[in-house]
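Okay, so the sequence shown: first residue is 282 according to our numbering, each after it adds one.
Just so it is clear, CB atoms sit at the ideal spot from N, CA and C, and this is done for glycine as well.
The structure appears below as structure tokens.
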Amino acid sequence: MLVLFGVSVVVFLILHLTGDPAALLLPPDASAEDVARFRKAMGFDDPVFVQYVRFLRGALRGDFGESVRHGEPAMHLVLERLPATFELAGAGLLLALCLAIPAGIISAVKRNTPIDYVSTVVALLGQAMPTFWLGIMLILVFSVRLSWLPSSGRGDLQHLILPAVTLGLFTTARITRLTRSGMLEVLGQDYIRTARAKGVSEQPVVWKHALKNASIPI
């Protein structure tokens, strides 16, 4: 709750640092009377603190006000876009799990080998790389230069690929490191050594016994 409160304060203040909202939202040729009338109708003439308290009071009741740009309730616009949000988040997470878990396991099993070093460096770069920059680079390569994928919009699977890859690669880097550290911790446990001493092959030891416990923090 404290995080949400802090974010709401910061966003509210940033929106008011850009200038007079009424002058920004109305056409450039709007008269001073029109601007003043619009400012009063929307409550922009009140102090920022009063505007925030009014917003917060409504938000606690589930009323986030009306979108000035679209002329619709803000909550309606949010709910209208939730399916696309869940679709993108699910696709990105699925891609991350499919890439990160095998990469983390291989990196742990092949510890201190070139494969492990490469995987670790790639994971670190993936976490350090800004997602907005990666998204722009993917658009430049696959949309602008190669014309393989659309750069925007929502529709078929092609529209989902670039956004899902952008989100998925960042998550992949984090899950890869978690998987690797979890596997390294589990592979040193007594029950793993016991399973190996009993003659259990390496594949069941890794995928059945070790991964089951290493996946808890993931």
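Residue i burial status per 10 Å Cβ neighbour count (16 or more: buried)
| i | result |
| --- | --- |
| residue 497 | exposed |
| residue 444 | buried |
| residue 469 | exposed |
| residue 453 | buried |
Endpoints, the alpha helix (DSSP H) within which residue i is located
| i | result |
| --- | --- |
| residue 305 | 302-306 |
| residue 400 | 395-409 |
| residue 288 | 283-298 |
| residue 316 | 313-323 |
| residue 417 | 412-419 |
Three-state class that DSSP yields for residue i in the structure shown
| i | result |
| --- | --- |
| residue 354 | strand |
| residue 488 | helix |
| residue 497 | coil |
| residue 469 | coil |
| residue 341 | helix |
| residue 435 | coil |
| residue 364 | helix |
| residue 390 | helix |
Sheet register partners of residue i (DSSP bridge)
| i | result |
| --- | --- |
| residue 347 | 354 |
Pair within 8 Å by beta-carbon distance, residue i and residue j
| i | j | result |
| --- | --- | --- |
| residue 457 | residue 404 | yes |
| residue 336 | residue 343 | no |
| residue 386 | residue 459 | no |
| residue 373 | residue 449 | yes |
| residue 461 | residue 389 | yes |
| residue 408 | residue 367 | no |
| residue 415 | residue 423 | no |
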